[in-house]
Amino acid sequence: MARRDKSHYRAALLAGALAWLIPGAGHVYLRRSARGVILCIIIHALFWTGVAFGGVFTVEPLKQRWWLAAQVGTGASCLATWYKQELTRRSIAEDLGIRPTPPEGVAEAQAWWDAYTRELAERKIALVYPTDAVARAYSGIAGMLNFMCIFDAFMLGLIGRFGEPPPEPAAAKARERRAG
Amino acid sequence: MSIFLEPIPMGENALWLVLPLCAAVGAAYKTVRVRHLRWLPMQILGLWAYMLAGLVALGLALYLLQYYVA
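Residue numbers (my numbering), protein chains in the order written: chain A, 12 to 191; chain B, 112 to 181.
Now the structure itself:
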């Protein structure tokens, strides 16, 4: 019994980790392949539509940390976008001759943000209203939906439920038929 | 303009983008919750209609609140 519980715990962790890394992969691992593929398509489509709307600064760790916390739910997609954003920010900072992150002091940080946002606007990659709201809502909600899928995959793994639910008993089917 | 790098400018019509967003939320939720996948399309449609009706009701209530109270 103890060994089975341990193997369920391992399956749950693996399902949760896979579900985080590639949305839908946790359900595929739990032999719910059709659900996994549907979740993969929906969550990726939502996240990448958001990034297509908002550009590279849809994932913004300096000023939009709450949105980032939600977006991180999409796993590898978010990490790839975050990495691209870091590269872009470092390249802009290098061109301007400033640090890649804002300095400590209030006045220095303000000067840094002024120079940085001006450059973003000049390069036409500044994310402004209403595009920022739409882009971050799409990508953030994709991440939050995947947190729900991660929880579902983890719990299914924990109780050792592999595969689709079994067909209902005949009585339940008959009741359903009567109900129309 | 390069997609995924530069943002796409939007106007006030961006509000319509709530429709596919609600559909995606409903689809992901019902994909996890539904017992049999053959029920999925109708369940998604039902939840989508619920969400939109709820949003319209909330918007209307807030509009009336600010119109008559504020």
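Beta carbons: idealized from backbone N, C-alpha and C, even for Gly.
Please read these numbers as outputs of a predicted model, since none were measured by experiment.
Within chain B, partners of residue i - CB distance below 9 Å
| i | result |
| --- | --- |
| A/G66 | S113, I114, F115, L116, E117, P118 and I119 |
| A/E160 | It should be pointed out that residue 160 of chain A corresponds to Cys in this sequence rather than to Glu. Ordered by position in chain B, the residues that pass the 9 Å Cβ test against A/C160 are A139, T142 and V143. |
Beta-carbon spacing of residue i, residue j below 8 Å
| i | j | result |
| --- | --- | --- |
| A/I136 | A/V62 | no |
| A/F162 | A/R42 | no |
| A/A118 | A/R110 | no |
| B/G137 | B/L158 | yes |
7 Å Cβ cut-off: residues of chain B touching residue i
| i | result |
| --- | --- |
| A/L79 | The premise fails here: A/L79 is roughly 17 Å from chain B at the closest Cβ pair, so nothing lies under 7 Å. |
| A/L138 | P118 |
Exposure label - residue i; buried when at least 16 CB within 10 Å
| i | result |
| --- | --- |
| A/L57 | buried |
| B/H147 | exposed |
| A/N157 | buried |
| A/I54 | buried |
| A/K74 | exposed |
| A/P176 | exposed |
Contact set between residue i and chain A, taken where Cβ atoms lie within less than 8 Å
| i | result |
| --- | --- |
| B/L169 | In chain order: nothing, as chain A lies at least about 16 Å away. |
| B/L132 | L57, A148, Y149 and I152 |
Within chain B, the residues that residue i reaches when beta carbons sit closer than 8 Å
| i | result |
| --- | --- |
| A/A126 | Those do not exist, as A/A126 stays about 20 Å from chain B at its closest Cβ, beyond 8 Å. |
Chain-ordered chain A contacts of residue i [CB-CB under 7 Å]
| i | result |
| --- | --- |
| B/R146 | P176 |
| B/L128 | V145 |
| B/V136 | I152 and L156 |
| B/A125 | P141 and V145 |
* Asked: At what residue ranges does the stretch 52–115 of chain A contain a whole run of the beta strand (DSSP E), taking only runs of 3 or more?
  -> No beta strand (DSSP E) of 3 residues or more sits fully in the stretch 52–115 of chain A.
* **Complete runs of the alpha helix (DSSP H) confined to the stretch 136–179 of chain A [at least 4 residues]** => With a minimum length of 4 residues, the continuous alpha helix (DSSP H) runs that stay inside the stretch 136–179 of chain A are 142–169.
* Any chance you could list the alpha helix (DSSP H) runs of at least 4 consecutive residues sitting entirely within the stretch 128–156 of chain B, in chain order? => Complete alpha helix (DSSP H) runs here, min 4: 129–144.
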